[in-house]
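Okay, structure first, notes after.
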Amino acid sequence: MCPQEPETNIDASEAESEEYDTKRYGTNKTISLFTSLRVYVMADKFDVPGLKLLVRDRFYHSAAAYFETFDQFPDVVDELYETSPPYDQLMRDIPYRLIAAAWNRPIMDKMVPVMLMHPDSAVGVLKAAYRGLGLEHMLCSRRL
Numbered sequence: 577m578c579p580q581e582p583e584t585n586i587d588a589s590e591a592e593s594e595e596y597d598t599k600r601y602g603t604n605k606t607i608s609l610f611t612s613l614r615v616y617v618m619a620d621k622f623d624v625p626g627l628k629l630l631v632r633d634r635f636y637h638s639a640a641a642y643f644e645t646f647d648q649f650p651d652v653v654d655e656l657y658e659t660s661p662p663y664d665q666l667m668r669d670i671p672y673r674l675i676a677a678a679w680n681r682p683i684m685d686k687m688v689p690v691m692l693m694h695p696d697s698a699v700g701v702l703k704a705a706y707r708g709l710g711l712e713h714m715l716c717s718r719r720l
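Take 577 as the starting number for the sequence shown in this note's numbering and just add one per residue.
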């Protein structure tokens, strides 16, 4: 379910730059989201916490900027659930919060099949929606 990533034309000087250029990096949404996710999974597998923090931040910023307009966002979320460990709530919370904030927007229609495949994602979206509405106290009493 993963699309092929297109090749990019980044020369060595750009690749070595320590600055994160969100405009350049964000121009190819497929690369920024899928690659950040895949590097995150590798960093987790090989226990590189600094890299995990960096790519989680990049994933968050790219997802927040493009999740409503990026047609493959449901595929990214599906891959996130297929490849990330279930205990890694920090990474999994990113789509929960974005989806909950966009509840009545067209992206929800695209996300329903993913939430049906991964029921824990539906629960996460519900929890994020409760928190966004200021109803945290109901989470404890209802065991959500």
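C-beta atoms are modelled at their ideal positions from N, C-alpha and C, and glycine is treated no differently.
On a predicted model such as this, the values are computed, not experimentally measured, just so you know.
Throw me the rounded Cβ distance for the residue i and residue j pair, which I believe falls under 8 Å.
| i | j | result |
| --- | --- | --- |
| P671 | V688 | Not really, about 13 Å apart at Cβ, beyond 8 Å. |
| A676 | A704 | 4 Å |
| F635 | L674 | Rounded, the Cβ-Cβ distance is 11 Å, inconsistent with contact. |
| M691 | V701 | 7 Å |
| I683 | E644 | 5 Å |
Which residue from the options puts its Cα closest to that of residue i?
| i | options | result |
| --- | --- | --- |
| D620 | P650, K686, P661 | P661 |
| D664 | P695, S608, V617, L609 | V617 |
| L656 | N680, T611, G708 | T611 |
| L630 | K686, P650, L666 | L666 |
| L697 | G708, N680, P650 | Before going further, note that residue 697 is Ser rather than Leu in the sequence given. Answer by Cα proximity: P650. |
Please classify residue i as buried or exposed, where buried requires at least 16 neighbouring CB atoms within 10 angstroms.
| i | result |
| --- | --- |
| T598 | Note that T598 scores 48 on pLDDT, short of 50, meaning its location in the model is unreliable and no value can be drawn from it. |
| A639 | buried |
Inset, instruction - Within the region 621–694, note down every full alpha helix (DSSP H) run reaching 4 residues or more, in order along the chain. - result: 625–642, 649–659, 665–677, 683–693
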